[in-house]
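Counting along the sequence shown from 1, when you hit position 22 you're at 22 in UniProt numbering, and nothing is skipped either side.
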Amino acid sequence: MTVELQVAQGWLTVCELSALVPGRGVAALLPDGSQAAVFVDRAGRAYAIGNQDPFTGAQVLSRGLVGAAAGRPFVASPLLKQRFDLETGRCLDDEEVAVRTYPVRTAATS
């Protein structure tokens with residue numbers, strides 16, 4: 001199974017699902033030069049958000065700590081610890097801030 005993100009050009013294969021470790025993220029360079037942070041939870045569901053921390057500008061969200069609050073999966077920035085909902089991109093600590101989310105799918109490898 002591969003993890004794919006939907007970008008402007010279509011579906012982009014990022015990596016094998018088995019290469020992702022639950023609770024840890026990886027950074028993916030996208031065709032437009034931006035980065036996505038890709039995560040998988042213990043149930044095998046994949047998520048992708050923008051990798052840039054909007055509070056510092058650093059490309060670090062893929063290195064953040066993954067958790068859950070009120071049943072919602074989030075990643076906490078490794079720098080200032082703001083939490084971002086992995087499904088919506090909304091910052092749980094500042095409702096005026098959000099990061100981009102990407103549609104994700106897993107696909108069988110041929």
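The C-beta atom is built at its ideal place from N, Cα and C for all residues, glycine as well.
With DSSP run on the structure shown, which of helix, strand or coil describes residue i?
i, result
"Leu29", "strand"
"Arg100", "coil"
"Arg45", "coil"
"Arg72", "strand"
Could you tell me which residues DSSP pairs with residue i in its beta bridges?
i, result
"Thr2", "Glu16 and Ala107"
"Gln82", "None, per the DSSP bridge assignment."
"Phe39", "Tyr47"
"Leu92", "None, per the DSSP bridge assignment."
"Val7", "Gly10"
"Gly64", "For Gly64, which the question treats as bridged, DSSP gives no partner whatsoever."
Between residue i and the rest of its own chain, which residues show a CB-CB distance below 8 Å, the 5 nearest in sequence each way excluded?
i, result
"Gly89", "Ile49, Gly50, Ala98, Val99, Arg100 and Thr101"
"Val104", "Val3, Glu4, Leu5, Gln6, Val38, Ala46, Tyr47 and Ala48"
"Ala58", "Gln52 and Leu79"
Go ahead and label residue i buried or exposed: buried means 16 or more other beta carbons lie within 10 angstroms of its beta carbon, across all protein chains shown.
i, result
"Leu29", "exposed"
"Arg21", "The question names Arg, but residue 21 in the sequence shown is Val. Classification for Val21: exposed."
"Gly64", "buried"
"Gly25", "buried"
Within a Cβ cutoff of 7 Å, which residues of the same chain sit near residue i, ignoring the five residues on either side of it in sequence?
i, result
"Asp53", "Val60, Leu61, Ser77 and Leu79"
"Leu86", "Phe39, Tyr47, Ile49, Pro73, Phe74 and Val75"
"Asp41", "Pro22 and Pro73"
"Ala108", "Met1"
Just to check my reading of the structure: residue i and residue j have Cβ atoms closer than 8 Å, yes? What is that Cβ distance to the nearest angstrom?
i, j, result
"Leu12", "Thr106", "The Cβ separation is near 13 Å, so there is no contact."
"Gln82", "Phe55", "6 Å"
"Ala69", "Leu92", "6 Å"
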